[in-house]
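Mapped onto this note's numbering, the consecutive letters of the sequence shown carry residue numbers 429 to 609. Here is the structure we will look at, set down as structure tokens.
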Amino acid sequence: MDAIAELTAEQGYEATKIGDIVKRAGVARKTLYDNFEGKEEVFLAAFDAGVEEALQRVEAGCAGAEDEWEARLLAGLAAFLAYVAEQPALARMCMIEALSATPAATERYENALQRFVDLTGENVPHYKELPDTIEETLVGGVAWIVYQQIRRDEAAKAEELLPELSEFMLAPFEGAAKAQK
């Protein structure tokens with residue numbers, strides 16, 4: 429699975445062939461086919477593993493933070509950015525290549541985004557002054573900025589986005605809290 433992440437990051441999903449994967453992974457073609465039906469199944473398994481790891485890190489960051497929602501939100505955001513920085517090939521595969529690889533990959537990407545939206549909703553206050561789509565808006569905005577960072581081949585610098593993205597994530601809630609006073 430590491431091999432497909434690296435290869436799709438380097439040359440894209442379409443250009444990646446089974447022969448490339450087995451060569452990079454150092455396994456026999458038969459071994460690959462004993463475990464997976466083909467390239468798409470390897471890709472989806474790597475995608476799923478990457479998303480699960482990212483979500484686990486974000487959840488752990490949130491759980492390890494203080495009881496204040498701001499601390500939980502920022503800890504989760506920091507954990508996500510650290511994961512992107514540590515796993516640039518996997519981040520590229522999950523956030524860029526998945527969008528055009530296959531319909532199943534696109535669906536998995538959308539489901540993964542929804543899981544991040546749900547996790548955000550569990551860790552922020554809810555104000556009537558904010559739109560019902562605030563969590564989707566914020567997660568989508570963060571995803572877009574990180575997507576751009578990865579496309580510029582600067583995933584390793586993802587953690588440098590923390591101050592800007594923290595302000596972006598906190599501002600709507602801080603504004604709504606002030607409006608209630």
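Cβ atoms here follow ideal geometry from the backbone N, Cα and C, with glycine treated the same way. Every value quoted in this text rests on a predicted model; they were computed, and no experiment measured them.
Please state if the CB of I432 and the CB of F471 are separated by a distance shorter than 8 Å.
For F471 and I432, yes; Cβs fall inside 8 Å.
Taking 8 Å as the cut-off, decide whether the C-beta atoms of M597 and L547 are in contact.
No. Outside cutoff.
Grouping DSSP H, G and I as helix and E and B as strand, with all else coil, what is A573?
Reading off the sequence, residue 573 comes out as Ile, not Ala. It is helical.
Hey, out of R579, R500 and L501, whose CA is closest to E525's CA?
If we check each option's Cα against that of E525, R579 comes out closest.
Assign F464 to one of three DSSP states: helix, strand, or coil.
F464: coil per DSSP, three-state reduction.
Do the segment 475-487 and the segment 530-538 touch if we need at least three Cβ pairs shorter than 8 Å?
With a cut-off of 8 Å, the segment 530-538 and the segment 475-487 count as touching, because enough Cβ pairs lie within range.
Below 8 Å between beta carbons: does that hold for G489 and A506?
For G489 and A506, yes; Cβs fall inside 8 Å.
Does DSSP classify A529 as helix, strand or coil?
A529: coil per DSSP, three-state reduction.
Quick one: using the 10 Å Cβ neighbour count with 16 as the cut-off for buried, is Y441 buried or exposed?
Answer is buried; the Cβ neighbour count reaches 16.
Do P516 and A583 have their beta-carbon atoms positioned less than 8 Å apart in this structure?
Cβ atoms of A583 and P516: closer than 8 Å.
Take V503 as the anchor and find which of N551, K585 and K556 has the nearest alpha-carbon.
A quick correction: the sequence has Ala, not Val, at residue 503. Measuring from the Cα of A503, the nearest candidate turns out to be N551.
Exposed or buried, Q677, counting other C-beta atoms within 10 Å across all chains shown (16 or more means buried)?
Outside the shown range of the chain, which is 429 to 609, sits residue 677, and nothing can be said about it.
Would you give the residue range spanned by the alpha helix (DSSP H) that R408 belongs to?
As shown, the chain starts at 429 and ends at 609. That puts residue 408 outside it, with no answer to give.
For the putative contact between P600 and I562, defined by C-beta atoms under 8 Å, what is the C-beta separation to the nearest angstrom?
Contact holds; Cβ gap of about 6 Å.
According to DSSP, is I578 part of a helix, a strand, or is it coil?
Helix at I578.
For the ligand FMN, any of its heavy atoms closer than 7 Å to the Cβ of T459?
Looking for the ligand FMN in the displayed structure turns up nothing, as the structure carries no ligands at all.
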